[in-house]
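Inspection log for the structure reproduced underneath, given as structure tokens.
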Ligand SMILES: Nc1ncnc2c1ncn2[C@@H]1O[C@H](COP(=O)(O)OP(=O)(O)OP(=O)(O)O)[C@@H](O)[C@H]1O
Ligand SMILES: [Mg+2]
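Residue numbers (UniProt numbering), protein chains in the order written: chain D, 1 to 228; chain X, 1 to 303.
Here it is in structure tokens:
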């Protein structure tokens, strides 16, 4: 569960990225975040995983007030949030399994559990046969699957995906979407920023449109609403 | 922290040292240089201290006699000096004995220099060696002995000599060497520290991506920092161990060289110094390493 109460974000250089957003996202929601470039979608998401802190207002993730969090507590809240990017952000020197295991090692999960969990998650994303491949040997879609596996391996309650299909061809994009739907079906909140009209208009889910840092539309089974 | 996690930190820290190649070698070398110089100064001042106190306990007065003194006068003088309350021992040294002593103190080299003198041409006068109970009274006793000349018409004493100020000078020199060494070592240690912090900075920069992902998935700050601490620690440790090896081997060589060639110098045996010198160098090396990495972690690892 994510809740924002009159959230404002002004960057150091004075640009007003978010201007008074209040919104509530439920546990089993699948939310598309749409809007023109520079509208504030990425900023919105960064504040959820506390890459950025709101200038004003409150953000609650699973009941924790993210802005007021003590520094020492931040990592523990982040463990409940999986993040996926357009550019995958895998570690090039680690193979597929190691990339996923890395996320578990980082939170000091026991070795035995890592050994069992990593293949399990890679099977879920359809990469059972690529455990020891290096990222450079994978297609874009496969790399994104690894990134998704890494994002879900620690069982987060929320997945934040910033244009996860932005670098993928349409065919591959659909496969990734099917995967995200599956993850949402299993009970994980999905928040996804996208410019992909086809996807938003085909897989109908809640659509939140942001323009100039404000929510201009919030529809339960919405459509993309922009051209292109 | 579990043993597994600690193992991981140590593995990651060592990997970085290996990956940073020349930077690591430069850091380690800078530690070796500063610790080595420190070690040399410690050993030097230890040995000077011992030499000084040894000299102190050996303070004696040499009373050189005129060449034409009679045996009676010698005997008389000997009783007069021996009767002084401050004097513990008086010894008569003939000029032959004086030559032998000189030869002995000069060692092998002395043989050549002194070989030209026969008993007839021996230029040394007869003398007394006078030892006092309290080194502090040396100056006063020397004056008293000199004064004996005035009450004796024959004026049998040619010269009274004692280690005028040599003990004090040696003490002063030890102090100066120690201070100079401390300043030099402090400067070098700071240089080493900055080299290490720079190496760690490079590691941090090279690992930005990893660090970013670690933060994203919820690694704690200490988990992220540990490998860099380990890297600094290991650089310091390796530096110290290398220094200790070089220094101890060198001192060992010096000891065996001194034992055969410089017999008049009494160096402190290895068993009496290794523990103290070793632990000081080890502790300081690790301190420099950890300190250097802390600087970089504070500055560049925004977590
Ligand atoms: N780190 C930053 N410092 C200063 N300004 C920033 C920063 N990040 C974003 N901005 C500004 O904040 C506004 C919102 O940016 P944001 O990245 O959230 O937009 P977006 O909706 O994700 O755009 P896009 O669809 O192109 O990804 C923009 O005007 C941008 O220039
Ligand atoms: Mg964006």
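Glycine residues also receive a C-beta, built at the ideal position from the N, C-alpha and C atoms.
Cβ-Cβ separation between residue 234 (chain X) and residue 13 (chain X): approximately 6 Å, consistent with a contact (criterion under 8 Å). By the rule that beta-carbons nearer than 8 Å mark a contact, residue 13 (chain X) does not touch chain D. Among the CB atoms of chain D, none fall inside 8 Å of the CB of residue 231 (chain X).
Contact residues of the stretch 71-87 of chain D toward chain X are 75, 76, 78, 79, 83 (C-beta to C-beta distance below 7 Å). Chain D places no beta carbon closer than 8 Å to that of residue 225 (chain X), leaving this residue out of the contacts.
The DSSP assignment places 140-152 as complete runs of the alpha helix (DSSP H) inside the stretch 124-175 of chain D, in order along the chain (cut-off: 4 residues). The straight-line gap separating the alpha-carbon atoms of residue 22 (chain X) and residue 114 (chain X) is approximately 56 Å.
Taking every protein chain shown into account, the CB of residue 264 (chain X) has fewer than 16 other CB atoms within 10 angstroms, so this residue is exposed. DSSP, read as helix, strand or coil, puts residue 57 (chain D) in strand. Around the beta-carbon of residue 256 (chain X), fewer than 16 other beta-carbon atoms lie within 10 Å, marking it exposed.
Unbroken alpha helix (DSSP H) stretches of 4 residues or longer found wholly inside the stretch 219-279 of chain X: 221-261, given in chain order.
Checking the DSSP bridge columns, you'll see residue 30 (chain D) partnered with D:190.
Counting along the chain, residue 16 (chain D) sits inside the beta strand (DSSP E) bounded by residues 16-25. Contact with chain X is found for residue 111 (chain D), since one of that chain's Cβ atoms lies less than 8 Å from the residue's Cβ.
The Cβ atoms of residue 53 (chain D) and residue 81 (chain D) lie no closer than 8 Å to each other. Relative to the non-hydrogen atoms of ligand 1, the Cβ of residue 39 (chain D) comes within a distance shorter than 7 Å of at least one. By the neighbour-count criterion, in which a residue is buried when 16 or more other Cβ atoms sit within 10 angstroms of its Cβ, residue 104 (chain X) is exposed.
For residue 212 (chain X), the Cβ stays outside the 7 Å cut-off from all heavy atoms of ligand 1.
About 6 Å separates the CB atoms of residue 154 (chain D) and residue 104 (chain D); that is less than 8 Å, so the two are in contact.
Residue 209 (chain D) has its Cβ no nearer than 7 Å to any heavy atom of ligand 2. Following the DSSP letters along the chain, one finds residue 214 (chain X) in no beta strand (DSSP E) but inside the alpha helix (DSSP H) bounded by residues 208-217. Inter-residue distance for residue 173 (chain D) and residue 86 (chain D) is about 11 Å (C-alpha atoms, whole angstroms). If you draw a 10 Å sphere on the C-beta of residue 143 (chain D), you find 16 or more other C-beta atoms in it, and that means buried. When rounded, the separation of the alpha-carbon atoms in residue 155 (chain X) and residue 118 (chain X) is 28 Å. By the CB criterion at 8 Å, residue 280 (chain X) and residue 37 (chain X) fall outside the cutoff.
Counting along the chain, the unbroken beta strand (DSSP E) around residue 161 (chain X) starts and ends at 157-162. Residues of the same chain with a CB within less than 7 Å of the CB of residue 20 (chain X), apart from the 5 flanking positions on each side, are 199, 202, 203 in chain order. The beta-carbon of residue 208 (chain D) is placed no less than 8 Å from the nearest beta-carbon of chain X. Distance from the CA atom of residue 89 (chain D) to the CA atom of residue 147 (chain D), rounded to whole angstroms, is 7 Å. Interface criterion not met: the Cβ of residue 180 (chain D) is under 8 Å from no Cβ in chain X. Distances taken from the Cβ of residue 20 (chain D) to the heavy atoms of ligand 1 include none shorter than 7 Å. By the criterion of a C-beta distance shorter than 8 Å, residue 28 (chain X) is surrounded in its chain by 235, 238, 239, 242, once the five residues flanking it on both sides are discounted. For residue 203 (chain X), no CB of chain D lies under 8 Å from its own CB, so it is not counted at the interface with that chain.
By the neighbour-count criterion, in which a residue is buried when 16 or more other Cβ atoms sit within 10 angstroms of its Cβ, residue 36 (chain D) is exposed.
One Cα belongs to residue 100 (chain D), the other to residue 294 (chain X), and the distance between them is close to 30 Å. Neighbours of residue 98 (chain D) in chain X, taken as residues at a C-beta separation under 9 Å, are lacking, since the least C-beta distance is about 12 Å.
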